[in-house]
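Engineer: Position 1 of the sequence shown, counting from 1, maps to 1 under our numbering, and the rest follow consecutively. Cβ atoms here follow ideal geometry from the backbone N, Cα and C, with glycine treated the same way.
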Amino acid sequence: MEGKHHRKLTTGKDNEEKVAMKKDHENIYSNTVSKDLYKNMQNTQAEKMAEIINLNNHLSKSELSIAEEKNSETNKKKQNQIIEEWQVKRNRRLLNSGRMRLGTCKVNENDASTENKFTSQKKKAWQSVHPKQKL
1 MEGKHHRKLT TGKDNEEKVA MKKDHENIYS NTVSKDLYKN MQNTQAEKMA EIINLNNHLS
61 KSELSIAEEK NSETNKKKQN QIIEEWQVKR NRRLLNSGRM RLGTCKVNEN DASTENKFTS
121 QKKKAWQSVH PKQKL
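#1: Is it the case that the Cβ atoms of S120 and Q87 are separated by a distance below 8 Å?
#2: Measuring CA to CA, which of E73, W126 and E68 is closest to R93?
#3: For N54, which residues in the same chain have their Cβ closer than 7 Å to its Cβ, ignoring the five residues on either side in sequence?
#4: Can you give me the C-alpha to C-alpha distance between D111 and K124, rounded to a whole angstrom?
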């Protein structure tokens, strides 16, 4: 049976020993960074944050608001463009799959309003895929 590794059955004591070893390792690792060094690291982070805050205060509020407005406008334009592209792709898929062939599909024969609504949706979908052609 050489070369075959059998899984050792672990008992509760083994697991407790593993946990204790992990805790010891964590303690050793945390003690390697001295407390003074840790405080210095925290102080430098605080100083950096103070510098950033001072820089922001130097910028006039109007400049910041203008920058935020430009960002929000460009984000809205990008979102609208992505939505439009997605709708065109979706409509093209629906038209190609045959679900939205014009004038062939009735939603409910008894209800004229749903049929009209559905055909208007189909027309909009067709026009978004073919913007230059008219029905």
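Structural biologist: This is what the structure gives:
#1: The answer is no: Cβ separation not under 8 Å.
#2: Checked all of E73, W126 and E68; the closest Cα to R93 is W126.
#3: Nothing listed; no residue qualifies.
#4: Here D111 scores only 48 on pLDDT, less than 50, and its place in the model should not be relied on; the value that follows carries that caveat. Distance between the alpha carbons of D111 and K124 is about 21 Å.
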